[in-house]
Amino acid sequence: MRSLRRIATAHLLYRHFGSLRRMRERYLQLMQDCLTGSIYEDPPLKALGSETFDPKLREYGWDWPSVAHSMIGRKRMGNLRLLTERVLFDRVPGDLIETGVWRGGACIYLRAILEAYGVTDRRVWVADSFEGLPPPDAAYPADAGDVFHTYRELAVPIEAVQRNFERYGLLDGQVVFLKGWFKDTLPGAPTGPLAILRMDGDMYESTMDALTHLYDRVSPGGYVIVDDYRVVEGCRKAVDEFRAKRGIEDEIVEIDGVGVFWHKTAR
Numbered sequence: 004m005r006s007l008r009r010i011a012t013a014h015l016l017y018r019h020f021g022s023l024r025r026m027r028e029r030y031l032q033l034m035q036d037c038l039t040g041s042i043y044e045d046p047p048l049k050a051l052g053s054e055t056f057d058p059k060l061r062e063y064g065w066d067w068p069s070v071a072h073s074m075i076g077r078k079r080m081g082n083l084r085l086l087t088e089r090v091l092f093d094r095v096p097g098d099l100i101e102t103g104v105w106r107g108g109a110c111i112y113l114r115a116i117l118e119a120y121g122v123t124d125r126r127v128w129v130a131d132s133f134e135g136l137p138p139p140d141a142a143y144p145a146d147a148g149d150v151f152h153t154y155r156e157l158a159v160p161i162e163a164v165q166r167n168f169e170r171y172g173l174l175d176g177q178v179v180f181l182k183g184w185f186k187d188t189l190p191g192a193p194t195g196p197l198a199i200l201r202m203d204g205d206m207y208e209s210t211m212d213a214l215t216h217l218y219d220r221v222s223p224g225g226y227v228i229v230d231d232y233r234v235v236e237g238c239r240k241a242v243d244e245f246r247a248k249r250g251i252e253d254e255i256v257e258i259d260g261v262g263v264f265w266h267k268t269a270r
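By our numbering, the letter at position 190 of the sequence shown is numbered 193, and the numbering carries on one by one without gaps.
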C-alpha cells in the first residue's frame, strides 16, 4: 500500500512540475514576443526607411520598432534567455548587466527570466545615458563620422524605461539603474561579480568602456554578449583590440549574423 501511495505521489509531483515547466515556457515566450513587438506586428520607425512590419526583419533585429520595448529581435532575445538559463543552471555567480538599453527590453527580459525561475539573489543592472549616444570623441578615431548621436529616437528617458518595467510588473529592488555616460558610471559601479555582460553601446568608445571596466568582473563560466559586432565597425574593432591585448582566446560564437558572444573560461 505504501508503495502505491509513493507511486501516486511521485506521479502527482511529476505532473505538477511538468505544468510549471509549461507555464514558465509560455510566460517567457510571450514576454519575448511582446518585447520585440512580434506578437502585435508593431511597424518600424521611419528612421530606417520602411514603415511596414516585416517578420524577418524583426526576427533578426534589423528594424527599429515603433512601440515595442526592444530592437534586438527574436534571435538575440532568444540567445539572451539561453545564456541566462545556462548561468542559472551552472550556478555561475554574479548579477546581469546590459550597457546600452534603449527602451529597456533586454533588461526587462532578464528580470522576467529571474522571476520565472524564482531567483531572488541576483540583480539586473540597467546602464545607459538615457540621453542617446554621445558625439564621436576625437580620442577614438574608430568613431570618426559616427552619426548615432543624431538619432533622437535612440534617446529614451530613464523615467520611460522605468515605466516599461512597471508595465510588466517587474520594477523592484532587483533592478538597478546606472544613469550617465559609461566612462563616468561603470568604473565605480557597485555590481560585484557578473554572470552576464551584454554590451549594446554601438560605438568603439562605449564598447571599450564596458570591456575595460566590467570584463574582469565577469565570473569564469559567465558570458560576454556583443550586440552589434558584425554590423558596427567601431564596436567590432574595440572587441578585437581588447581581446588581443588581454590574450583572450575564448571562441567568438555567432548569434544571428549581427550579435556574437563568448563563454569566459579563464580568470
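All residues carry an ideal CB built from backbone N, CA and C; glycine is no exception.
Just so it is clear, the structure is predicted and the values come from calculations on it, not from any experiment.
- Per DSSP, reduced to three states, the secondary structure at I228 is strand.
- Inter-segment contact for the segment 91-108 and the segment 157-176 is present: three or more beta-carbon pairs are separated by less than 8 Å.
- Each of Y171, H216, W184 and L200 was checked against the Cα of P190, and the nearest Cα belongs to H216.
- The distance from the Cβ of L214 to that of A192 is about 14 Å, inconsistent with a contact at the 8 Å cut-off.
- Between I199 and T268, the gap from beta carbon to beta carbon reaches 7 Å or more.
- By the Cβ-count criterion, T39 is buried, with 16 or more other Cβ atoms from all chains shown falling within 10 Å of its own Cβ.
- Counted as a single uninterrupted DSSP element, the stretch harbouring T55 is not any alpha helix (DSSP H), since DSSP gives it neither H nor E.
- Annotated three-state conformation of S22 is helix, per DSSP.
- Partner residues in the beta bridge of E257, as assigned by DSSP, are V263.
- Between Y232 and V256, the C-beta spacing is not below 7 Å.
- S73 counts as buried, since no fewer than 16 other beta carbons sit within 10 angstroms of its beta carbon.
- Each of L113, E254 and G250 was checked against the Cα of W265, and the nearest Cα belongs to E254.
- In the displayed model, M206 falls within coil according to three-state DSSP, outside both helix and strand.
- Taking the Cα positions, R84 is about 17 Å away from S41.
- In this structure E156 is not in contact with L60, their Cβ atoms being roughly 16 Å apart against a cut-off of 8 Å.
- Contact between Y171 and I111 holds: CB atoms are separated by about 6 Å, below the 8 Å threshold.
- Counting along the chain, A247 sits inside the alpha helix (DSSP H) bounded by residues E236 to R249.
- Within its own chain, the residues whose Cβ lies closer than 7 Å to the Cβ of P138, once the five positions on either side in sequence are excluded, are H152, listed in chain order.
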